[in-house]
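Report on the structure given below.
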Amino acid sequence: MSSSSRGLGQNTRDGIKRIPDGEDDKSHISSQARDNKRPKHQDSTNDDDDMTPAATLSRRCFVTIGATAGFRQLLAEIIQPEFLKCLSDHGFDVLDVQCGPDHPWFEEHTKTLDNTQTHGIQIRSFEYTKNIQDHMLACRNQPGVRQAGCVISHAGSGTILEALRYEVPLVVVPNPTLMDNHQAELAEECEAQKWAVYGRLGKLPDAISRSQELVVQSGLNDLAPYSPPPFPVPESERVTLFDWMVLTCYPEELAKQQHLRDLRSVTENFQHEQAPAGHGIKDHGKLIFD
Amino acid sequence: MAPHKLPKVVEKPTSPDLASAVSENHAHETHPAENGLPPSPNKSQPDQPPDAEPEIIEAFDVFDSYTIKLFSSLAIVILSLLLAFLTLSWSWFTALIAVLSGFIIFRHLSITWTHPKPRPGADFLSRTGTHSPTAPRLLSTTALPAVYFLYILGSGGHSAEMIETIKQQFQSQPNQHRRYVLSTGDTASQSMAARLEAQISTAFPDARAGTRDIIRIRRARAVHQPLLSTPLTCLLSAGQAVHALTRLPAARSATRHGYQFQYPHVIVTNGPATGFVVCLVAHLLKIMYVVPQNRLRMVYIETWARSRTLSACED
Chain A
1 MSSSSRGLGQ NTRDGIKRIP DGEDDKSHIS SQARDNKRPK HQDSTNDDDD
51 MTPAATLSRR CFVTIGATAG FRQLLAEIIQ PEFLKCLSDH GFDVLDVQCG
101 PDHPWFEEHT KTLDNTQTHG IQIRSFEYTK NIQDHMLACR NQPGVRQAGC
151 VISHAGSGTI LEALRYEVPL VVVPNPTLMD NHQAELAEEC EAQKWAVYGR
201 LGKLPDAISR SQELVVQSGL NDLAPYSPPP FPVPESERVT LFDWMVLTCY
251 PEELAKQQHL RDLRSVTENF QHEQAPAGHG IKDHGKLIFD
Chain G
1 MAPHKLPKVV EKPTSPDLAS AVSENHAHET HPAENGLPPS PNKSQPDQPP
51 DAEPEIIEAF DVFDSYTIKL FSSLAIVILS LLLAFLTLSW SWFTALIAVL
101 SGFIIFRHLS ITWTHPKPRP GADFLSRTGT HSPTAPRLLS TTALPAVYFL
151 YILGSGGHSA EMIETIKQQF QSQPNQHRRY VLSTGDTASQ SMAARLEAQI
201 STAFPDARAG TRDIIRIRRA RAVHQPLLST PLTCLLSAGQ AVHALTRLPA
251 ARSATRHGYQ FQYPHVIVTN GPATGFVVCL VAHLLKIMYV VPQNRLRMVY
301 IETWARSRTL SACED
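From first to last, the protein sequence lines are chains A and G. Numbering follows the UniProt record's numbering, in which position 109 of the first sequence is assigned residue number 109; successive positions increment by one, without gaps. Numbering follows the UniProt record's numbering, in which position 139 of the second sequence is assigned residue number 139; successive positions increment by one, without gaps.
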C-alpha cells in the first residue's frame with residue numbers, strides 16, 4: 001500500500017517484505033526492522049538525493065567530529081560492521097562523515113570495505129566543511145522527500161545548538177580525550193532534557209535505536225520545511241538588556257525616558273478612572289479586557 | 001545633557017565640522033550620510049564604500065595621536081616606577097607601593113559599588129516585558145548620539161553563541177558602531193563575523209544599520225606555549241587590547257559626534273580567554289581614570305553549555 005511518511009509505524013505492519021525496485025548499487029535492505037518505524041512505499045516522489053524516484057525515501061546519518069580536535073575513536077566505531085548493520089536495519093542508506101584531521105586515516109580504512117561489510121550504506125567523508133547547515137538539513141525530516149535521519153556529533157555547544165535549531169535527531173558523543181569534562185556534563189544535560197541522546201563509545205547502535213524512539217516522541221517525523229528564523233528579530237521579541245546598559249551611560253537620557261514612562265502610565269490610569277462615569281455594560285466590559 | 005568629562009588626551013580629528021559640535025551634546029539623530037563616510041585621508045585604510053567587507057584591522061597598525069599619548073603616558077609611569085625601585089630606599093619604595101595599591105583598591109571598590117544594577121524583574125530582562133505588544137518599548141537608543149558595542153569573539157563555540165546573542169538584540173540604527181575583537185589565527189570566528197555583517201548589510205544597505213569593524217589581537221598564550229614566555233605575550237596582548245578598546249573607529253572619526261565613539265559603551269563577552277584579558281584591561285583603564293566612568297560597561301553571558309561550572313574557571 002502506498003502511504004505517506006507521516007504517522008510512522010502504524011501502517012507498515014502488514015509484514016510484507018517489500019523490495020523497492022530501482023535499487024541498483026544498494027544491497028537488499030531488510031524490511032524486518034526491529035522497530036517497525038520505517039514505512040516503505042512505491043510512490044514516485046522525487047527526493048533530492050541521486051536515487052531513482054521509485055525507491056524508498058532516503059535516510060541519512062551525518063557524523064561530525066568538530067573543527068578543533070580529532071576524534072579517532074568515534075571514527076573507528078562508525079565503520080564497525082555492527083554499527084553499519086544497525087544503520088541499515090533502521091533504514092539508513094547514506095553515511096556522511098566530517099572527519100576533521102583524521103580524514104586520511106578514515107579514507108584509508110573505508111576504501112577497503114566492500115558491499116557486504118558496509119551493509120549497503122554508502123559512506124562519504126570529507127575533512128571540513130563550511131556549510132554544515134546543508135549536511136544537517138539533509139538529515140531533517142521532510143514528508144515525501146526524506147525521513148528523519150540522525151546526526152552524531154561531538155559534544156560541542158555550537159554544533160548541538162545548530163542541530164537543535166534545525167530539528168534533526170541528535171546523538172551526542174563526548175570526546176574522552178579532551179581534558180575538560182564539560183562535554184560530558186553537556187551531553188548528560190541534553191539527555192535529561194530530552195533534546196538529544198547521550199551516545200557512549202561502544203554503545204552506538206543502542207544510541208541509534210534510542211534516537212529513533214526519541215524521534216517519535218518529539219514529533220520530529222512530521223515537520224514543515226525548514227525556514228530560518230527572521231532577522232532582525234521582531235521588536236517584541238528583542239532582548240533589550242544592552243539598550244539599558246547603553247542608556248546607563250547617558251543618565252539624563254535614561255531619567256528622561258523613565259519619566260516619560262511614568263507619565264504615560266499615570267495618563268493611562270487617569271483615563272481608566274474617567275471612563276466608567278455613567279456608561280453601560282458594554283464599556284465596562286471593554287475596560288476590563290483592555 | 002551635560003557633556004561628559006573627556007580625558008585630555010582626546011584629539012579631535014581635522015574636520016571643520018567638529019569644532020562646532022564640541023560644545024553641544026544634543027541627543028538628536030546624526031545625519032545618516034555622515035555615518036557611513038569613508039575615513040579621512042590621514043588614516044591608512046583606502047576609501048571604501050560602506051557596503052564593503054568590514055575592515056579587518058590588526059592591532060597597532062596605525063598610531064594616531066591618541067594612541068601615542070596613551071602609550072607614552074603608560075611608558076612614563078612604568079619607567080618612573082622602575083626608577084623608583086632602583087633609587088629609593090626600601091622603606092620609601094614600600095610606602096609608594098602601598099599608596100598605589102590603596103589607590104587601586106579604592107578605585108576598584110568605588111567603581112563596583114556605583115555600578116547601576118538592574119532592578120530584579122525589570123522588563124528589559126524579559127523578552128516580552130511590556131504589557132501590551134503594541135506599546136512602544138521603554139528603552140530607545142535611537143536618539144542617542146552614539147551606541148557603540150564591542151563584541152569579543154573567542155574560539156569557535158563561544159563565537160557561535162555570541163553571534164546568536166547579537167542577532168537577538170540587534171536593532172538597525174545609524175548611530176551604532178559594532179566592533180568585533182578576534183584573536184589571530186581564528187578564521188572560524190572571522191568568517192562568522194563576516195557572514196553576520198553580510199547579512200546585516202543585505203537587510204539594511206547603505207549604512208542604515210550603522211558602521212562596523214573588526215580588530216585582531218594576539219593571543220595571550222598560544223597552545224603549548226612555555227610558561228616562561230607567557231608573561232611577555234600576556235603583556236603584548238594586553239597592550240593590543242588597550243588599542244582595540246581605545247582606537248576611534250575610522251568611519252566615525254570625521255563625523256560630528258565622532259568623539260562619542262572613542263570608547264565602547266558596552267563590552268559583551270561570553271567566556272573565552274580573550275574576553276578575560278580585554279575585560280581586565282578595560283577595568284584597569286577605568287581604575288586609572290583613562291576612560292570615563294560611563295563607558296566600558298561589561299556584560300558576561302555564561303554559555304548555555306555550562307550547567308555546573310563557569311567558563312571563567314577554565315584556562
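Where is the CB? At the ideal position from N, CA and C, for every residue including glycine.
Excluding five sequence positions before and after LEU201 (chain A), the CB atoms of its chain that fall closer than 8 Å to its own CB belong to GLN73, LEU74, GLU77, VAL173, PRO176, given in chain order. DSSP places VAL172 (chain A) within a strand segment (E or B) once states are collapsed to three.
Inter-residue distance for PHE170 (chain G) and PHE106 (chain A) is about 42 Å (C-alpha atoms, whole angstroms). Taking CB atoms only, GLU197 (chain G) has no neighbour in chain A less than 8 Å away. Nearest C-alpha to LYS194 (chain A) among A:ARG210, A:LYS203, A:HIS182: A:ARG210. Ranked by Cα distance from GLN142 (chain A), the first of A:GLU167, A:ILE123, A:THR159, A:VAL171 is A:GLU167. Nearest CB-CB separation between ALA282 (chain G) and chain A: not below the 8 Å threshold. Membership of HIS177 (chain G) in the beta strand (DSSP E) is indicated by the continuous run 176-183. If only complete runs of 3 or more residues are kept, the stretch 170-221 of chain A shows the beta strand (DSSP E) at 170-173, in order along the chain. Using a Cβ-Cβ cut-off of 8 Å, LEU144 (chain G) is close to VAL246, LEU247, TYR250, GLU253 of chain A, given in chain order. The C-beta of PRO232 (chain A) comes closer than 8 Å to at least one C-beta of chain G. Straight through space, the alpha carbons of VAL97 (chain A) and PHE149 (chain G) are spaced by roughly 38 Å. Linking PHE60 (chain G) to ALA75 (chain G) through their CA atoms gives a straight-line distance of about 16 Å. Contacts between PRO226 (chain G) and chain A, judged by CB atoms closer than 7 Å, are missing: the closest CB pair is about 18 Å apart.
Distance between ARG107 (chain G) and ALA98 (chain G), taken at the CA atoms: about 14 Å. Apart from the 5 residues on each side of it in sequence, HIS158 (chain G) sits with its Cβ closer than 7 Å to the Cβ of ASN270, GLY271, PRO272, THR303 in its chain, given in chain order. Only residues of its own chain outside the window of five on either side were considered, and among them GLY70 have a CB closer than 6 Å to the CB of PRO101 (chain A), listed in chain order. Under the three-state reduction of DSSP output, MET162 (chain G) falls in the helix class.
In the structure shown, ARG195 (chain G) falls within a helical segment according to DSSP collapsed to helix, strand and coil. Look at THR68 (chain A) here: in three-state DSSP terms it is coil, with no helix or strand label.
At a Cβ-Cβ threshold of 8 Å, ILE200 (chain G) and VAL181 (chain G) do not count as neighbours. Contacts with chain A at 8 Å (Cβ-Cβ) include HIS265 (chain G).
According to the DSSP assignment, LEU100 (chain G) belongs to the alpha helix (DSSP H) that extends over 90-113. Neighbours of THR64 (chain A) across chain G, judged by C-beta separation under 8 Å, do not exist; the nearest C-beta is about 13 Å away.
Scanning G:ILE301, G:GLN293, G:TYR300 for the CA closest to the CA of TRP113 (chain G) turns up G:GLN293. Following the DSSP letters along the chain, one finds TYR148 (chain G) inside the beta strand (DSSP E) bounded by residues 147-152. Between HIS182 (chain A) and CYS99 (chain A), the alpha-carbon positions lie close to 22 Å from each other. Approximately 6 Å separates the beta-carbon atoms of TYR226 (chain A) and LEU137 (chain A); this is inside 8 Å, confirming the contact. Apart from sequence neighbours up to five positions away, the residues of its chain that approach PHE93 (chain G) with a beta-carbon distance below 8 Å are ALA84, PHE85, ordered along the chain. Distance between ASP206 (chain G) and HIS257 (chain G), taken at the CA atoms: about 19 Å.
Taken atom to atom, the span from the alpha-carbon of VAL278 (chain G) to that of GLU58 (chain G) is near 15 Å.
Using a Cβ-Cβ cut-off of 8 Å, ASP262 (chain A) is close to nothing in chain G; its nearest Cβ partner there is about 10 Å away.
Within chain G, GLY157, ALA160, GLU161, THR303, TRP304, ALA305 have C-beta atoms less than 8 Å from the C-beta of SER157 (chain A), given in sequence order. In terms of beta-carbon proximity, ALA207 (chain G) stays away from the interface with chain A, with every pair separated by 8 Å or more. Flagged as an interface residue toward chain A: LEU139 (chain G), by a C-beta distance shorter than 8 Å. Put simply, the CB of LEU161 (chain A) is near chain G, with a gap under 8 Å to one of its CB atoms.
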